[in-house]
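Add 538 to a position in the sequence shown, counting from 1, and you land on the number used in our numbering. Glycine residues also receive a C-beta, built at the ideal position from the N, C-alpha and C atoms. None of these values were measured; they are calculated from a predicted model.
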Amino acid sequence: MNATGSTSADVVIVGTGHGGAQAAIALRQQGHESSILMIGRDAEPPYERPPLSKEYLAGDKSFERMMIRPEKFWADKGVQLRLGCAVIEIDWMRHEVTLSDGSKVGYRKLIWAGGGDPRRIDVPGAGLKGIFCVRDKRDADAMMGALEAGAKRAVVIGGGYIGLEAAAVLRKLGCEVTLLEVQDRVLARVAGEELSRFYEEEHRRQGVDVRLSQGISEILGEDGKVTSVQLDNGEMLACDMVVVGIGIVPAVAPLIAAGAAGANGVDVDVYCRTTLDDIYAIGDCAAHVNPFAESAVIRLESVQNANDMANTVARAIMGDKQPYHALPWFWSNQYDLKLQTAGLSLGYDATVVRGDPAERKFSVVYLKEGRPIAFDCVNAMKDYVQGRKLLERGIEKVDPALLADTEIQLKELI
Numbered sequence: 539m540n541a542t543g544s545t546s547a548d549v550v551i552v553g554t555g556h557g558g559a560q561a562a563i564a565l566r567q568q569g570h571e572s573s574i575l576m577i578g579r580d581a582e583p584p585y586e587r588p589p590l591s592k593e594y595l596a597g598d599k600s601f602e603r604m605m606i607r608p609e610k611f612w613a614d615k616g617v618q619l620r621l622g623c624a625v626i627e628i629d630w631m632r633h634e635v636t637l638s639d640g641s642k643v644g645y646r647k648l649i650w651a652g653g654g655d656p657r658r659i660d661v662p663g664a665g666l667k668g669i670f671c672v673r674d675k676r677d678a679d680a681m682m683g684a685l686e687a688g689a690k691r692a693v694v695i696g697g698g699y700i701g702l703e704a705a706a707v708l709r710k711l712g713c714e715v716t717l718l719e720v721q722d723r724v725l726a727r728v729a730g731e732e733l734s735r736f737y738e739e740e741h742r743r744q745g746v747d748v749r750l751s752q753g754i755s756e757i758l759g760e761d762g763k764v765t766s767v768q769l770d771n772g773e774m775l776a777c778d779m780v781v782v783g784i785g786i787v788p789a790v791a792p793l794i795a796a797g798a799a800g801a802n803g804v805d806v807d808v809y810c811r812t813t814l815d816d817i818y819a820i821g822d823c824a825a826h827v828n829p830f831a832e833s834a835v836i837r838l839e840s841v842q843n844a845n846d847m848a849n850t851v852a853r854a855i856m857g858d859k860q861p862y863h864a865l866p867w868f869w870s871n872q873y874d875l876k877l878q879t880a881g882l883s884l885g886y887d888a889t890v891v892r893g894d895p896a897e898r899k900f901s902v903v904y905l906k907e908g909r910p911i912a913f914d915c916v917n918a919m920k921d922y923v924q925g926r927k928l929l930e931r932g933i934e935k936v937d938p939a940l941l942a943d944t945e946i947q948l949k950e951l952i
């Protein structure tokens, strides 16, 4: 198709990550027989994103094993892919989108699964070579290329999951790693202090230089390539590479420009509909009223949320409207630690530690007014499985002593 060409599809899906892929799969599973077109900025067919900062970066998982479905699957299901192309404008009245190559695509229904872009660090030197984010395969490949070229000293900016996972992999690969977190503990936005302190100690034990309450003032380089990071206190950290993991910016600019409501992402209702006719939004960028956050409007950056929202939209398009209602869950692999989270700890007022962190197998239970609202389980699969069921049942107040007693299984409290 040339730059001025046009086409159309019954359903156009913008984004080829987990949400976009699941939307196409679910539509076909539920009997949708008309045309489906997926448009993605990524050059690759749909693949899993979480392994990028974990097994793929470490070299433990091939890209082929990360494919959401074999490439042939999409053709077999009649799902057309347009890769390496972005939607830059939406005309919702004409039911038409404009792509970065100048072409236009019409639609009957539009599903926006654009995810987010890594938040860039705003300091002098941020444009130097050797500074990496982890959003797609190209980012991970670039990091692997730097390591193969001899990079041995890394500064990781950000103590969230992406930063911690990257630090763990870089240590495994033999790098000297300094992790900088501007807040007074890692995972401050998503977990309680018990979990934060455990992971800080674990990373230090593994050789990571963890610096808390520490900002940076500049990134310096020679010949266009990073050589050091200057901290707010004037200290200079020599390095060969910098990894920035400070969150994402929802990729919704064309939607907002077209008039969709939204401040932090794009607003959607219980069926994941935006305020624009026949346009849905799912995944990281979709701000929704979440029943597991006491009906607060939030965005959830997780594979679970993307997949479950995709299923909600597919049902709605097929005439089987069911409100989005799914217990949030998440996981993170660091070293030999598997963290599994169920529920949302937003607004908790007490915590209970179940098990002994020193044994590297324990859970943190988050309570609000005596009611369990979330579990963080480290190497504690049974707690995670039973904790999920407990949250799904909506159990009311529980004696903290019972939650802390590892001789009592959580399923006994249901």
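Here residue 919 carries a helix assignment [DSSP, helix/strand/coil]. Residue range 938–942 is occupied by the alpha helix (DSSP H) that includes residue 941. DSSP places residue 779 inside the beta strand (DSSP E), whose first and last residues are 779–782. Nearest to residue 729 by alpha-carbon distance, out of 853, 779, 607, 885, is 885. With a cutoff of 8 Å on beta-carbon distance, residue 670 and residue 660 are scored as not near each other.
When DSSP states are grouped into helix, strand and coil, residue 571 belongs to the coil group. Here residue 774 is bridged, per DSSP, to 768. Look at residue 838 here: in three-state DSSP terms it is coil, with no helix or strand label. Contact between residue 574 and residue 562 is confirmed by a C-beta separation of about 5 Å, below the 8 Å threshold.
DSSP, reduced to helix, strand and coil, places residue 699 within a helical segment of the structure shown. Residue 693 has 716, 780 as its beta-bridge partners, per DSSP.
According to DSSP, residue 812 shares a beta bridge with no other residue.
Annotated three-state conformation of residue 851 is helix, per DSSP. In terms of CA proximity to residue 868, 915 leads the group 915, 848, 893, 620. Under the three-state reduction of DSSP output, residue 599 falls in the coil class, being neither helix nor strand.
Residue pairing by DSSP leaves residue 807 without any beta bridge partner. In its chain, beyond the 5 residues on either side, 596 have a beta carbon closer than 7 Å to the beta carbon of residue 710. Here the alpha carbon of residue 942 sits roughly 16 Å from the alpha carbon of residue 923. Judged by DSSP secondary structure, residue 826 falls within the beta strand (DSSP E) whose first and last residues are 824–828. One Cα belongs to residue 651, the other to residue 850, and the distance between them is close to 13 Å. By the C-beta criterion, the stretch 717–733 is judged to be in contact with the stretch 692–700, since at least 3 inter-stretch pairs fall below 8 Å. Looking at the DSSP output, residue 902 sits in a beta bridge with 891, 914. Judged by beta-carbon spacing, residue 786 lies beyond the 8 Å limit of residue 665, meaning their Cβ atoms are not closer than that value.
Ranked by Cα distance from residue 614, the first of 808, 727, 566, 827 is 566.
When C-beta atoms of the stretch 577–590 are compared with those of the stretch 614–626, three or more pairs fall below 8 Å, so the two segments count as touching.
Residue state for residue 821 is assigned as helix, using DSSP reduced to three classes. Apart from the 5 residues on each side of it in sequence, residue 685 sits with its Cβ closer than 7 Å to the Cβ of 711 in its chain, given in chain order. Classified as buried, residue 911 has 16 or more neighbouring CB atoms from the shown chains inside 10 Å of its CB.
Non-local beta-carbon contacts of residue 877 in its own chain, meaning distances under 6 Å to residues more than five positions away in sequence, involve 870, 916 in chain order. An exposed status is given to residue 935, since fewer than 16 other beta-carbon atoms sit within 10 Å of its beta-carbon.
Taking the C-beta atoms as reference points, residue 823 is found no nearer than 8 Å to residue 854. The beta carbon of residue 589 is closer than 7 Å to those of 599, 604 in its chain, skipping five residues each way along the sequence.
Residue 609 has no beta-bridge partner at all, per DSSP. Distance from residue 778 to residue 692 at the Cβ level is roughly 7 Å; contact confirmed, criterion being Cβ atoms closer than 8 Å.
Here the alpha carbons of residue 796 and residue 628 stand approximately 6 Å from one another.
With fewer than 16 other beta carbons inside 10 angstroms of its own, residue 863 counts as exposed.
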